[in-house]
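Here is the structure we will look at, set down as structure tokens.
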Amino acid sequence: MLIVDDEEDLAKTIAERLEIRGIQTQTASDGEQALTLVKTNPPDVVVLDLMMPGIGGLGILKQIKLFDKKIPIILLTGYGSKERSIEGMNLGAFDYVLKPCNLDDLIGKIQEAAKTKLQY
Amino acid sequence: MNEKEIQFIGKITAGVTHEVNNVLASIREISGLMTDILSITDEKSFPRKEKFQTSLEKIQNQVQRGVKLTCQLNKFSHLSDTNKTDVDLNEIIEHLIFLTERFARIKNITLQNRPLTQSITITSDPFLLQMSLSNGISYLLNRMGNGGEISICPEKKGSECSVSISCIGERIDKSLIFKDASSSEELLSLNSIMHSLNGVYELDELNAAIIIKISSKN
Chain F
2 MLIVDDEEDL
12 AKTIAERLEI
22 RGIQTQTASD
32 GEQALTLVKT
42 NPPDVVVLDL
52 MMPGIGGLGI
62 LKQIKLFDKK
72 IPIILLTGYG
82 SKERSIEGMN
92 LGAFDYVLKP
102 CNLDDLIGKI
112 QEAAKTKLQY
Chain R
663 MNEKEIQFIG
673 KITAGVTHEV
683 NNVLASIREI
693 SGLMTDILSI
703 TDEKSFPRKE
713 KFQTSLEKIQ
723 NQVQRGVKLT
733 CQLNKFSHLS
743 DTNKTDVDLN
753 EIIEHLIFLT
763 ERFARIKNIT
773 LQNRPLTQSI
783 TITSDPFLLQ
793 MSLSNGISYL
803 LNRMGNGGEI
813 SICPEKKGSE
823 CSVSISCIGE
833 RIDKSLIFKD
843 ASSSEELLSL
853 NSIMHSLNGV
863 YELDELNAAI
873 IIKISSKN
């Protein structure tokens, strides 16, 4: 799977914790890096921060969906981002979780999302 | 302060709470990673492992506390986004109590919300509404001695809503609560806010209560 967050420490730490639990994880800190990884090594699931610099989380979401609409995307949202989360859901996001999230809850969503990809 | 200035403060505060939230999220994950590593480390190769585990738990509890505080502060910063919207009175009171209970705790006073079972939605300015209630609470806190309770009870009669803020406690001298009340800074400010909200406030000397009255359709 792939975690996209400009907070590099946060993304890498979540990735390490997921690796300990047997989930292979890559990280990207911007949209460009994320799209390169999606195209070269398509992940089963993407966890994407909504508040990203540049084209923003929603911009990255649109581009991933343009490349492969089957890749499920879970949005990481902050306070007051409910409207943008809903917009993300309308653009095809699988679900959204509030930051900071409980790791077990996130893993639950990742597993659910991965199942939907298999059903495509 | 004018509307633009209030909105500026709200915007800056909202931005900072987002950043603080990211910091808390990072601390939470880093301490979580340390817990994960500890759990797969042999007891013999890690002296004082238990002490480390309990310390990490304490860090995580403090992070939770920080998350709750920044969440409420963020909510507060968004009160100034609009000067007219539908607000749930019970929710506004609950939120205000969370933000102001520290001032009460210093004086051993508890703030008690006595919400109605049904929700009371009114169309009002959420920032000014919360400020009016805060002024009422501050006034009573400054007049009460050490200890006691401030009870906040919303009520709805037809299109009129009221919130009664009263002090309760055996050691409270009710006759002194409203002495020279009209010249107090809190009530002068409350008067001006009530004017902007098209509401009024009344003093109930018998029950040592400030009653804020506001129309549900402002």
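From first to last, the protein sequence lines are chains F and R. According to the numbering used here, the first sequence is numbered sequentially starting from 2. According to the numbering used here, the second sequence is numbered sequentially starting from 663. Where is the CB? At the ideal position from N, CA and C, for every residue including glycine.
Between F:E20 and R:I721, the alpha-carbon positions lie close to 23 Å from each other. Taking C-beta atoms as the reference points, F:R22 and R:L695 fail to come closer than 8 Å.
Proximity of the stretch 765-785 of chain R to the stretch 811-819 of chain R meets the contact definition, three or more beta-carbon pairs being nearer than 8 Å. Spatial neighbours of R:E665 in its own chain (CB-CB distance under 7 Å, excluding positions within 5 residues in sequence) are listed in chain order as N745.
Taking the Cα positions, R:E847 is about 21 Å away from R:S813.
By the criterion of at least three beta-carbon pairs nearer than 8 Å, the stretch 742-759 of chain R is not in contact with the stretch 691-706 of chain R. Residue contact check for F:Y97 against chain R: no CB pair falls below 8 Å.
Distance from the Cα of R:S800 is smallest, within the candidate group R:K673, R:I876 and R:R767, for R:R767. Closest in C-alpha terms to R:F670, from the list R:Q715, R:D787, R:L852 and R:L741, comes R:L741. If you check the CB distance, R:E811 and R:T762 do not come in under 8 Å. The CB of F:D69 never comes closer than 8 Å to any CB in chain R; the least such distance is about 28 Å.
C-alpha of R:L849 to C-alpha of R:L791: approximately 14 Å in a straight line. R:L802 is the residue among R:S877, R:L802 and R:S878 whose C-alpha sits nearest the C-alpha of R:I834.
With a contact defined as Cβ atoms closer than 8 Å, F:V47 and F:I72 qualify at about 6 Å. Among the CB atoms of chain F, none fall inside 8 Å of the CB of R:V682. Nearest C-alpha to F:I24 among F:T37, F:K66, F:E8 and F:I4: F:I4. F:D106: member of the alpha helix (DSSP H) spanning L104 to Q120, first to last residue. Your pair F:K63 and F:L107 does not check out as a contact, with CB atoms roughly 23 Å apart and the cut at 8 Å.
F:T14 reaches chain R at S688, E691, I692, G694 and L695, counting residues in chain order whose Cβ is nearer than 8 Å. For R:V729, the closest Cβ of chain F is nearer than 8 Å.
Around F:T28, the same chain offers I4, A12, K13 and A16 as residues with beta carbons nearer than 6 Å, after the five sequence neighbours per side are excluded.
Remark: C-beta atoms of R:S877 and R:E832 do not approach each other more closely than 8 Å. With a contact defined as Cβ atoms closer than 8 Å, R:T697 and R:S739 miss out at about 32 Å. R:T772: not part of any alpha helix (DSSP H); member of the beta strand (DSSP E) spanning I771 to N775, first to last residue. Linking F:E88 to R:R764 through their CA atoms gives a straight-line distance of about 38 Å.
Boundaries for F:Y80: no alpha helix (DSSP H) harbours it, and the DSSP string shows neither H nor E there. Among the residues facing chain R, F:R18 is included, as its CB has a counterpart in that chain under 8 Å away.
Cβ-Cβ distances below 8 Å link R:I855 to L790, M793, S794 and N797 in the same chain, with the five nearest sequence neighbours on each side left out; the list follows chain order. A direct Cα-to-Cα measurement between R:F708 and R:T716 gives close to 14 Å.
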